[in-house]
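Down below is the structure, laid out as structure tokens.
Residue numbers (UniProt numbering): 1 to 161.
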């Protein structure tokens, strides 16, 4: 059985959802979907017909209301977006452990596949830039972080690199 046959949610993703989605129609065709300008667009599809080597083809005029199930495949998150998200979390809290930062950031639509390791890498990068620092906390083995004054200034200027 195809891995995409399992853990699919019913119907189309919610209108305006960020990120890309794999959708399956009633005939078993797979669609790569993205929300754009007030509607769902299919970036491509892979048929289940008799093709010896199925290919992804651009769609033109296919009714996307046929999608019966979908699964988020996540969003490509660039460093600048991730750094800004981490700074935003720390600007609202006195301090936070890496896993908590990950939980808050990953709650954003399309960011669910974000790992704690990726957050830790971002925190270390922001620490080297002087925007955040490790903080003392009651957690013996978990790293805690807090934003620095430089980080607050950088966040207010919205210029995180």
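Backbone N, C-alpha and C fix where the C-beta goes; we use that ideal spot for every residue, glycine too. Model, not experiment: these values are computed from the prediction.
Here the C-alpha atom of residue 119 lies approximately 7 Å from the C-alpha atom of residue 98. Between the region 143-152 and the region 93-108, the count of Cβ pairs shorter than 8 Å is three or higher; the stretches touch. The C-beta distance from residue 9 to residue 35 rounds to 15 Å, too long to fall under 8 Å, and the pair is not in contact. Shown here, residue 155 sits in a helix according to DSSP, grouped into three states. Excluding sequence positions up to five before and after residue 31, its CB lies within less than 6 Å of the CB of 23, 42, 45, all in the same chain and listed in chain order.
DSSP places residue 136 outside any beta strand (DSSP E), giving it a letter other than H or E. For a cut-off of 8 Å, the C-beta gap from residue 116 to residue 102 is around 5 Å, short enough to register as a contact. Secondary structure at residue 12: coil, using DSSP grouped into helix, strand and coil.
For residue 107, no beta strand (DSSP E) encloses it, and the DSSP letter there is neither H nor E. Residue 86 and residue 135 do not touch by the CB rule: their CB atoms are close to 14 Å apart, not below 8 Å. In the same chain as residue 72, and ignoring 5 residues on each side of it, the C-beta atoms closer than 6 Å to its own belong to 19, 21, in chain order. For residue 33, the pairing in a beta bridge is given by DSSP as 21, 42.
Here residue 132 is near residue 90, since their CB atoms are less than 9 Å apart. Within the DSSP bridge table, the entry for residue 73 names no partner. Between residue 27 and the set 151, 104, 67, 39, the nearest pair of CA atoms involves 67. Of the candidates 25, 70, 92, 92 places its Cα closest to the Cα of residue 152.
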